[in-house]
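Peer 1: Dropping a structure here in structure tokens format, bear with me for questions.
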Amino acid sequence: MSGNVEIMLSENALKVLEKRYFAKDEMGVVRENSEEMFRRIANAIASVNPQPSEREFLAEEYYRFMAGLDFLPNSPTIMNAGRPLGQLSACFVLPIGDSMPEIFDTVKATALIHQTGGGTGFSFSRLRPKGAVVRSTGGQASGPVSFMKVINASTDAIKQGGTRRGANMGILRVDHPDILEFIDCKMDLTQVTNFNISVAITDVFMKAVKENTDYDLISPNNGEVAGSLSARMVFDRIAHNAWANGEPGLFFIDTANRANPTPSKWTYEATNPCGEQVLGPYESCNLGSINLEKHLVRNTKGQYSVDWEKLTHSVYLAVRFLDNVVDANRFPIPELEEVNKGTRRIGLGIMGFARLLMYLEIPYDSEEGLEMAESIMSHIQEVAERTSQELAATQGPFPYFEGIGTKKRNSHLLTIAPTGTISMIADTSSGCEPEFSIIWYKNVMDGTHLPYTLDYFTEVAQREGFWSEELPSLIVKNHGSCRGIPQVPEKWQMVFATAHDISAPWHVRMQGAFQKYIDAAVSKTINMSQEATIEDVEKSYLLAYDLGCKGITVYRDGSRSNQVLNLGTGS
Ligand code: UDP
């Protein structure tokens with residue numbers, strides 16, 4: 105098979121790669137191009153394949169898979185495969201025990217993980233509450249939030265692999281006595297800035313919310329009831345803060361534990377920073393995402409449909425690739441290696457879903473949109489499961505397999521990551537999210553910024569006869585959306601949906617549709633308009649819980665003063 109796949113990278117993608125991903129020498133000079141980068145990754149991952157006879161063939165297949173932008177692994181794999189660091193996973197959870205040595209061992213492990221580009225999640229729920237007695241000193245404990253600040257400060261000091269700042273997730277159970285302090289800890293936007301925070305919500309709590317009763321707070325150090333709170337009051341406070349600045353998120357901890365295939369090893373207490381991976385202590389996951397925009401076929405009439413055959417092959421190959429990543433991975437501390445080899449967890453996901461829907465002429469916020477999400481994800485699930493079972497037949501199941509479910513090579517297979525950077529490299533929409541805007545600005549030579557619309561939108565508008573020179577500026581004035589612009593026919597207003605056109609319940613229903621076929625979790629933001637109310641936030645929480653989601657994050661437009669992406673000016 106010849107290796108000359110044409111690598112079609114956008115200008116933006118090349119900039120990202122040059123800045124962060126291409127290998128550089130000691131002087132910081134780029135020493136790699138995109139072909140060499142994809143070859144480096146493909147060779148490193150194929151070289152650990154258990155059957156030596158397959159290695160050369162797989163190296164070529166993996167190369168073509170990535171160079172064609174059909175699939176990309178998560179950033180640490182792109183940056184570190186075949187290079188000295190060799191750490192390939194994006195997601196980690198580390199335990200925080202209720203003692204100084206345990207806490208500071210974890211601070212050290214966190215620093216080492218951040219250096220390799222991984223993100224870390226922690227549950228602070230085992231720490232005794234603020235004011236509890238410290239036996240060795242007779243003093244008083246400073247509580248979970250104070251230790252989050254320690255990790256936050258250490259994160260500030262370490263840049264991930266010299267390229268990105270460390271990302272953390274802090275989680276506290278809703279029945280921890282310090283829960284109110286935790287819920288408010290990011291209201292001051294200068295505090296714990298390197299953390300996302302989520303409240304671990306129990307079924308008992310949700311029942312108390314629905315029945316408007318009190319629930320017990322439990323001291324983790326002695327298991328005793330330390331008081332009680334009104335569930336509605338706590339629920340309102342979480343929703344208020346999320347409405348005000350996007351945090352905390354919710355993590356439905358009992359839902360997550362009902363899907364635990366290794367309950368004798370651990371109960372889940374935390375997730376990675378963006379919430380798509382619920383992990384046990386020292387567990388990690390390497391991710392990879394299939395670019396759905398590259399899984400379409402066009403017929404002679406110019407209509408698009410899903411290329412199911414290609415998708416089947418891509419899922420098969422991606423599972424093989426990610427399973428090989430488990431063996432190629434190098435971890436900074438031995439506990440991580442031991443657990444990762446025990447579960448062999450992988451996280452195959454998607455990107456470009458919103459673009460796929462546009463080509464198929466299906467609105468994101470429609471029953472048909474949900475059905476397409478389910479068709480695609482159930483297909484991916486079926487092929488991924490089959491592939492992992494086949495690998496188990498020849499190479500054995502994951503060592504921590506406890507006989508729960510079918511015998512597979514990997515404890516977990518599927519997820520939906522944010523794909524924040526890799527979707528930029530592939531030049532497609534991120535994860536399962538809608539497009540944020542259908543218009544961007546291009547920097548031109550003289551420093552001016554020219555608006556330009558999504559290529560496919562321009563193509564359709566010209567073909568269907570509703571294009572005009574002033575359409576881009578009308579879209580800019582319309583917050584990056586074409587909905588409500590009279591010259592755009594209603595059908596296309598619906599098809600070219602943006603995040604802010606889509607009401608919160610549709611966002612949640614889409615998350616729920618994907619979650620049905622995913623063993624890990626889904627990273628998704630429930631975008632709300634500026635006018636949304638606290639009650640709207642609460643309704644989304646209840647819907648997400650009832651649909652079986654493992655968590656939920658809402659974001660009300662404009663609620664954070666330092667909002668990174670402004671409508672109509674995304675890049
Ligand atoms: N992540 C991180 N730092 C970052 C971005 C991401 O540690 O700046 C971790 C985090 O655990 C997140 C995961 O990587 O949940 C996947 O994020 P994403 O899909 O955006 O990563 P990409 O591979 O596109 O860089």
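Its first residue numbered 105, the sequence shown is counted upward by one per residue in the numbering used here. We put the beta carbon where it would ideally sit given N, CA and C, even for glycine.
1) Can you pull the DSSP bridge partners for A127?
2) When DSSP labels each residue in this structure, what does A625 get in the three-state scheme?
3) Would you check if the region 297-312 and the region 342-353 touch, i.e. whether three or more CB-CB distances between them fall below 8 Å?
4) For L558, count the other beta carbons within 10 Å of its own beta carbon; 16 or more makes it buried, fewer makes it exposed. Which is it?
5) Sorry if obvious, but does the Cβ on Q155 come closer than 8 Å to a heavy atom of the ligand UDP?
6) G190: which of P590, D431, R232, M598 sits nearest, CA to CA?
7) Taking 8 Å as the cut-off, is the beta-carbon of L518 closer than that to any non-hydrogen atom of the ligand UDP?
8) G456 and N395: beta carbons closer than 9 Å?
9) Alpha carbon to alpha carbon, how far is I638 from D288?
10) Among V308, M337, Q295, whose alpha-carbon lies nearest the alpha-carbon of E642?
11) Does the count of Cβ pairs from the region 177-189 and the region 140-150 closer than 8 Å reach three?
12) Is the distance from the Cβ of M476 to the Cβ of I454 below 9 Å?
13) With 16 other CB atoms within 10 Å as the buried threshold, where does E635 fall?
14) Would you mind stating whether R232 and A245 have Cβ atoms separated by less than 9 Å?
15) DSSP on I322, reduced to helix/strand/coil?
16) Given that a residue counts as buried once 16 or more other Cβ atoms are within 10 Å of its Cβ, and exposed if not, what is V668?
17) For the ligand UDP, I want to know if S393 counts as a neighbour, meaning its beta carbon is within less than 8 Å of at least one of the ligand's heavy atoms.
18) Report yes if the CB atom of A521 is closer than 9 Å to the CB atom of S393, and no otherwise.
19) In chain order, what are the residues with a CB under 5 Å from some non-hydrogen atom of the ligand UDP?
20) Taking the alpha-carbon positions, what's the E478 to A360 distance?
21) Grouping DSSP H, G and I as helix and E and B as strand, with all else coil, what is V668?
22) Do R448 and P503 count as a contact pair if the criterion is CB distance below 9 Å?
23) Within 10 angstroms of its Cβ, does G662 collect 16 or more other Cβ (buried), or is it exposed?
24) Is the Cβ-Cβ distance between Q619 and L651 less than 9 Å?
25) Note down, in chain order, each residue of its chain lying with its Cβ closer than 6 Å to the Cβ of E136, except the 5 sequence neighbours on either side.
26) Could you round the C-beta distance between P602 and F505 to whole angstroms and report it? I think they count as a contact, below 8 Å.
27) Nearest-angstrom Cα distance between I656 and E160?
28) Just reading off the beta strand (DSSP E) that M291 is part of, what are its end residues?
29) List the DSSP bridge partners of G353.
30) Checking the sheet assignment: what are the DSSP bridge partners for Y420?
31) According to DSSP, Q244 sits in a beta bridge with which residue or residues?
32) Across which residues does DSSP place E539 in a beta bridge pair?
33) To the nearest whole angstrom, what separates the beta carbons of L474 and A625, a pair I think is in contact under 8 Å?
34) Tell me the DSSP bridge mates of Y645?
35) Out of P281, R402, H344, which has the shortest C-alpha to C-alpha gap to N326?
36) When you compare each of T562, V564, P576, Q615 to E537 by their alpha carbons, which one comes out closest?
Peer 2: For this structure:
1) As far as DSSP is concerned, A127 takes part in no beta bridge.
2) Coil at A625, not helix or strand.
3) Using a Cβ-Cβ distance cut-off of 8 Å, the region 342-353 and the region 297-312 are in contact, since at least three pairs of beta carbons, one from each stretch, lie closer than that value.
4) L558 counts as buried, since at least 16 other C-beta atoms from the protein chains shown sit within 10 angstroms of its C-beta.
5) No, the ligand UDP has no heavy atom inside 8 Å of this Cβ.
6) Ranking the options by Cα distance to G190, first place goes to D431.
7) L518 Cβ: outside cutoff for every heavy atom of the ligand UDP.
8) Less than 9 Å divides the Cβ of G456 from the Cβ of N395.
9) In a straight line, the C-alpha of I638 is about 16 Å away from that of D288.
10) Put simply, of V308, M337, Q295 the residue whose alpha carbon is nearest the alpha carbon of E642 is M337.
11) Result yes; three or more Cβ-Cβ pairs closer than 8 Å.
12) Their beta carbons are not under 9 Å apart, which means M476 does not touch I454 by this criterion.
13) Answer is exposed; the Cβ neighbour count stays below 16.
14) A Cβ-Cβ contact shorter than 9 Å links R232 with A245.
15) DSSP places I322 in strand when its eight states are reduced to three.
16) Its pLDDT being 39, under 50, V668 is placed unreliably by the model, and the measurement read from it follows with that caveat. Classification for V668: exposed.
17) Under cutoff, so the answer is yes.
18) Less than 9 Å divides the Cβ of A521 from the Cβ of S393.
19) Taking each Cβ in turn, the ones that pass are N178, S179, A194, C195, G223, R268, A271, N376, P377, C378, A521, P522, T523, G524, T525, I526.
20) Their Cα atoms are separated by approximately 20 Å.
21) Unreliable positioning characterises V668 in this predicted model, as indicated by a pLDDT of 39, which lies under 50. The coordinate reading is nonetheless provided below. Of the three classes helix, strand and coil, the one that applies to V668 here is coil, per DSSP.
22) In this structure, the beta-carbon distance from P503 to R448 falls below 9 Å.
23) Under this definition G662 is an exposed residue.
24) In this structure, L651 lies closer than 9 Å to Q619 by Cβ.
25) Scanning its chain for C-beta atoms nearer than 6 Å, with the 5 sequence neighbours on each side dropped, one finds around E136 the residues F126, A127, in chain order.
26) The identity of residue 602 in the sequence shown is Thr, whereas the question assumes Pro. About 43 Å; that fails the 8 Å criterion.
27) Spanning the two alpha carbons is a distance of roughly 43 Å.
28) In the DSSP annotation of this structure, M291 is not part of any beta strand (DSSP E), being labelled neither H nor E.
29) Looking at the DSSP output, G353 sits in a beta bridge with S302.
30) As DSSP reads the structure, Y420 sits in no beta bridge.
31) Beta-bridge pairing links Q244 to V237.
32) DSSP lists T602 as partners of E539.
33) With a Cβ gap of about 18 Å, L474 and A625 do not count as contacting.
34) DSSP, once it has assigned bridges, lists no residue as partnering Y645.
35) Comparing Cα-Cα distances from N326 to each of P281, R402, H344, the minimum goes to P281.
36) Of T562, V564, P576, Q615, the smallest CA-CA separation from E537 is found for Q615.
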